[in-house]
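Peer 1:
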Amino acid sequence: MKISKNLRWILAAAIIFGSLMFLLFVFYATQSAFDVWDRLQRLPSGLFYLYLGLIGFVLLASLGLAFKLILGSSRSGATRLSSTTPATAEQIEAEIKQIEAAGMDISPFKAELARLTARKETGQINIAFFGEVSTGKSSIIKALLPDAGVEISLRGGSTREIHEYLWQTEAGDRLLLTDLPGRNEAEGFLDELARDEAIRAQIVVYVVDSDLSRSQFEDIQELYTFGKPLIIAFNKSDLYTDTEKQQLQARIQSRFDSTTQPANAETVAKPALIPQVVFIQSGGLEEVVRVYPDGREETVQRQRKVDVSALSSRLQTEIDSRIEWLDRLRDASVFSLVHSKLDETRASFRREQAEKIVRSGTRNAVIGALAAISPGTDLLIQGVIGTRMVQELCKLYDVPVKQIDIDQFFDFSQNQMKKSIPLILAVAGNGLKAFPGLGTVAGGLVHAVAYGLIFDALGHAVALTLEQRGALKAAPAALKFREMLSGNLEERTKTLARLVVDQYQTKDSERGDRE
């Protein structure tokens, strides 16, 4: 980029001026330091050392605070990671009882634990075959055990099938080979189902039939984070030369640091879980050009040679070298899966219940505004309703809260709300124009709609803060409240205006019946 001559002069002048100002600051700072030191020399010994001690204390405190600010978050993150231990059967059972007491469905978790028990009793090792569609997963399994029995199970209400092959190896190991649906067959749902099965597995085989695409490498990176042996099987090995195979293997393994364990790996002694690369040939058809003596050429199809010995050998090596760890990994993987599903179920249940609490609180706020009989009584009513709503949300999320925390949150929220009140009242008034014939009562109804908008945003802000932070943080919750207060305002106003009008008409009808 070219710089004009005038701009060059300006930049040069700015540099010279900045340098002069810096030197001037250094001179004044030096002079001040010498003056202070000279005066300190004249003080009694006690005051001299006291002054130096205060200066040293301030410097050390400042350095300590800066150190905590810079390294505190990373150290706390490392502490959380190192303190995270695999879930145990007792912890899982306790959590299941807890969510059962809350009224949630626990049948999927019981079924998962029953499946784990069945696999432990047979002593089988679960190996999951993962990969995109048409990469040859099924043909590889059939090449490994052409006469094995096949179990087909439909899971998750899906019309796709997960095939399970039982294999008793020559070494006496009992293996369960799981053929998962192709990655791009899933349309979203089966991707999650296949991922869950990969978590259950003790060894994962990822099958590709060409150079790795971006999406395939992302799959491998995700599978690597599960902390279990991972084998990348390149099908159609006859397409690669020996040099290309070595380059592929080196390039893939160079992406994974042998000194770093996956984040989800068990904290037990084991060899580094670097993905292993094997090249196999599962059969299938290939096209060849047949050249006749007279020069004619003909394209024909023929069967590819089947050779999966490299994969079979790699699997046996993984089993023999890690058999005890694989047994522990079976439990840890399932417990990890159940634990994550429990968290998802609990979060979903809490969102549903929080929505009910917010709707109830909003409706009560509207009714309270309509029931106010004198100026100021509505504030008292809304304060009680708001406090109760926040307490119920905190109880739902198992967050202990004190009244002082609620009061602080309300104080922050009022400051955030002041600028929005005129807009809320104007929008509420426009919303009520859709209901003609209200006459002089429109002013009271406008305030009722405004209270409904405020409580709706207030409740959702508290619920979201509790879900994300696990505590009622007044300032972040108030900021979230301001954001939600103006979000989707027109649609929310229409809904609440209908509620206000219905409540008013019901109240007016009851008054007429009494008269």
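If you read the sequence shown in the numbering used here, its first letter stands for residue 5, the second for the next number, and so on. Yeah, the Cβ is synthetic: ideal placement off N, Cα and C, and Gly gets one too.
#1: Kindly indicate which three-state DSSP category I20 falls into: helix, strand or coil?
#2: In chain order, what residues of the same chain have a beta carbon less than 6 Å from the beta carbon of M488, not counting five sequence neighbours either side?
#3: Just to check my reading of the structure: L277 and G231 have Cβ atoms closer than 8 Å, yes? What is that Cβ distance to the nearest angstrom?
#4: Going by C-alpha distance, which of L11, K309, R294 is nearest E302?
#5: Express the C-alpha separation of K240 and G153 in angstroms, rounding to a whole number.
#6: Can G365 and I385 be called in contact, C-beta distance under 7 Å?
#7: Would you decide whether K484 is buried or exposed? Buried here means 16 or more other CB atoms lie within 10 Å of its CB.
#8: Report all residues from its chain with a CB closer than 7 Å to the CB of D347; omit the five preceding and five following residues, and keep chain order.
#9: Which residues in the same chain have their Cβ closer than 7 Å to the Cβ of F283, if we skip the five residues on either side of it in sequence?
#10: Whose C-alpha, out of T321, Q206, G474, is nearest the C-alpha of T182?
#11: Measure the alpha-carbon distance for L397 versus S340 and round it to whole angstroms.
#12: What whole-angstrom Cβ distance do V370 and G456 have, given they're in contact under 8 Å?
#13: Return helix, strand or coil for D246, following the three-state DSSP convention.
#14: Could you tell me the alpha carbon to alpha carbon distance between I144 and V312, rounded to whole angstroms?
#15: Rounded to the nearest angstrom, what separates Q472 and V137 at their Cα positions?
#16: Would you mind sorting M25 into buried or exposed? The rule is 16 or more other CB atoms within 10 Å of its CB.
#17: Would you call the CB atoms of G140 and S286 closer than 7 Å?
#18: Mark T247 as exposed unless 16 or more other C-beta atoms lie within 10 angstroms of its C-beta, in which case mark it buried.
#19: Give me, in chain order, the residues of the same chain whose beta-carbon lies closer than 7 Å to that of V304; leave out the 5 immediate sequence neighbours on both sides.
#20: Provide the residue span of the beta strand (DSSP E) that contains F134, from first to last.
#21: Could you give the DSSP three-state label for L277: helix, strand or coil?
#22: Determine the direct distance from the alpha carbon of E328 to that of R354, and round the result to whole angstroms.
#23: Where S520 and I103 are concerned, what is the direct C-alpha to C-alpha distance, given to the nearest angstrom?
#24: I need the boundaries of the alpha helix (DSSP H) containing I284, first residue and last residue.
#25: Spatial neighbours of A475 within its chain, please: CB distance less than 7 Å, with the 5 preceding and 5 following residues excluded, ordered by chain position.
#26: My understanding is that I110 touches I100, with C-beta atoms under 8 Å, so please give their C-beta distance in whole angstroms.
#27: Shortest alpha-carbon distance to F413 belongs to which of Q395, R259, D298, S214?
#28: Can you round the beta-carbon distance between M108 and T349 to whole angstroms, since I take them to be within the 8 Å contact cut?
#29: What separation, rounded to the nearest whole angstrom, lies between the Cα atoms of L54 and R46?
#30: Beta-carbon separation of P233 and E322 under 7 Å?
#31: Let me know if T229 comes out buried or exposed under the rule of 16 or more other beta-carbons within 10 Å of its beta-carbon.
#32: Checking the sheet assignment: what are the DSSP bridge partners for Q305?
#33: Which two residues bound the contiguous alpha helix (DSSP H) that contains T126?
Peer 2: So, from the data block:
#1: Position 16 of the sequence shown, counted from the start, is the residue given in the question as residue 20. Helix at I20.
#2: Position 484 of the sequence shown, counting from 1, holds the residue named residue 488. Excluding residues within five positions, the ones whose Cβ falls inside 6 Å are A461, H464, A465.
#3: As a working note, residue 277 is residue 273 in the sequence shown. As a working note, residue 231 is residue 227 in the sequence shown. Their Cβ separation, rounded to whole angstroms, is 7 Å, which keeps L277 and G231 in contact under 8 Å.
#4: If you number the sequence shown from 1, residue 302 lands on position 298. Out of L11, K309, R294, R294 has the C-alpha closest to the C-alpha of E302.
#5: Position 149 of the sequence shown, counted from the start, is the residue given in the question as residue 153. Position 236 of the sequence shown, counted from the start, is the residue given in the question as residue 240. Bear in mind that the predicted position of G153 carries a pLDDT of just 47, short of 50, making it unreliable; the figure below should be weighed with that in mind. In a straight line, the C-alpha of G153 is about 26 Å away from that of K240.
#6: Here residue 365 is taken as the residue at index 361 of the sequence shown, counted from 1. Here residue 385 is taken as the residue at index 381 of the sequence shown, counted from 1. Not in contact: G365 and I385 (Cβ atoms no closer than 7 Å).
#7: In the sequence shown, the residue the question calls residue 484 occupies position 480. Counting Cβ neighbours within 10 Å, K484 comes out buried, since at least 16 surround it.
#8: As a first step, residue 347 is located in the sequence shown; it is residue number 343 there, counting from the start. Same-chain partners within the cutoff: there are none.
#9: Sequence index remark: in the sequence shown, residue 283 carries index 279 (1-based). Only F238, S241, Y244, K249, A314 meet the Cβ criterion.
#10: In the sequence shown, the residue the question calls residue 182 occupies position 178. When only C-alpha atoms are compared, the closest one is Q206.
#11: Mapped onto the sequence shown, residue 397 falls at position 393. Mapped onto the sequence shown, residue 340 falls at position 336. Rounded to the nearest angstrom, the two C-alpha atoms are 28 Å apart.
#12: Sequence index remark: in the sequence shown, residue 370 carries index 366 (1-based). Sequence index remark: in the sequence shown, residue 456 carries index 452 (1-based). Rounded, the Cβ-Cβ distance is 5 Å, consistent with contact.
#13: Sequence index remark: in the sequence shown, residue 246 carries index 242 (1-based). D246: helix per DSSP, three-state reduction.
#14: Along the sequence shown, one-based indexing puts residue 144 at 140. Along the sequence shown, one-based indexing puts residue 312 at 308. The alpha-carbon atoms of I144 and V312 are separated by roughly 7 Å.
#15: In the sequence shown, residue 472 corresponds to position 468, counting from 1. In the sequence shown, residue 137 corresponds to position 133, counting from 1. Their backbone Cα atoms lie some 37 Å apart in a straight line.
#16: Counted from its first residue, the sequence shown places residue 25 at position 21. Per the 10 Å Cβ criterion, exposed.
#17: In the sequence shown, the residue the question calls residue 140 occupies position 136. In the sequence shown, the residue the question calls residue 286 occupies position 282. Yes, the pair counts as a contact, with Cβ atoms nearer than the cut-off.
#18: In the sequence shown, counting from the first residue as 1, residue 247 sits at position 243. With fewer than 16 Cβ atoms within 10 Å of its Cβ, T247 is classed as exposed.
#19: On the sequence shown, residue 304 is found 300 positions in, with the first residue counted as 1. These residues qualify, in order along the chain: V292, R294.
#20: For this step, residue 134 is matched to residue 130 along the sequence shown. Counting along the chain, the beta strand (DSSP E) containing F134 begins and ends at 129-135.
#21: The residue given as residue 277 occupies position 273 in the sequence shown. The answer is coil: DSSP assigns L277 none of H, G, I, E or B.
#22: Position 350 of the sequence shown, counting from 1, holds the residue named residue 354. Position 324 of the sequence shown, counting from 1, holds the residue named residue 328. Their backbone Cα atoms lie some 39 Å apart in a straight line.
#23: Nothing can be reported for residue 520, as the shown portion of the chain is limited to 5 through 519.
#24: Taking the first residue of the sequence shown as 1, we reach residue 284 at position 280. No alpha helix (DSSP H) holds I284; DSSP gives it neither H nor E.
#25: As a first step, residue 475 must be located in the sequence shown, where it is residue number 471. Closer than 7 Å at Cβ, skipping near neighbours: V403.
#26: The count along the sequence shown starts at 1 and reaches residue 110 at position 106. The count along the sequence shown starts at 1 and reaches residue 100 at position 96. That belief holds up - the Cβ atoms of I110 and I100 are roughly 5 Å apart, short of 8 Å.
#27: Counted from its first residue, the sequence shown places residue 413 at position 409. Closest by alpha carbon: Q395.
#28: Taking the first residue of the sequence shown as 1, we reach residue 108 at position 104. Taking the first residue of the sequence shown as 1, we reach residue 349 at position 345. So it is a contact: roughly 6 Å between Cβ atoms.
#29: Working through the sequence shown from its first residue, we reach residue 54 at position 50. Working through the sequence shown from its first residue, we reach residue 46 at position 42. Approximately 14 Å, taken between the alpha carbons.
#30: As a first step, residue 233 must be located in the sequence shown, where it is residue number 229. As a first step, residue 322 must be located in the sequence shown, where it is residue number 318. Cβ distance < 7 Å, so P233 and E322 count as in contact.
#31: Here residue 229 refers to the residue found at position 225 of the sequence shown. Answer is exposed; the Cβ neighbour count stays below 16.
#32: Indexing the sequence shown from 1 puts residue 305 at position 301. Note: Q305 sits in a beta bridge opposite E291.
#33: The sequence position of residue 126 within the sequence shown is 122, counting from 1. Residues 111-126.
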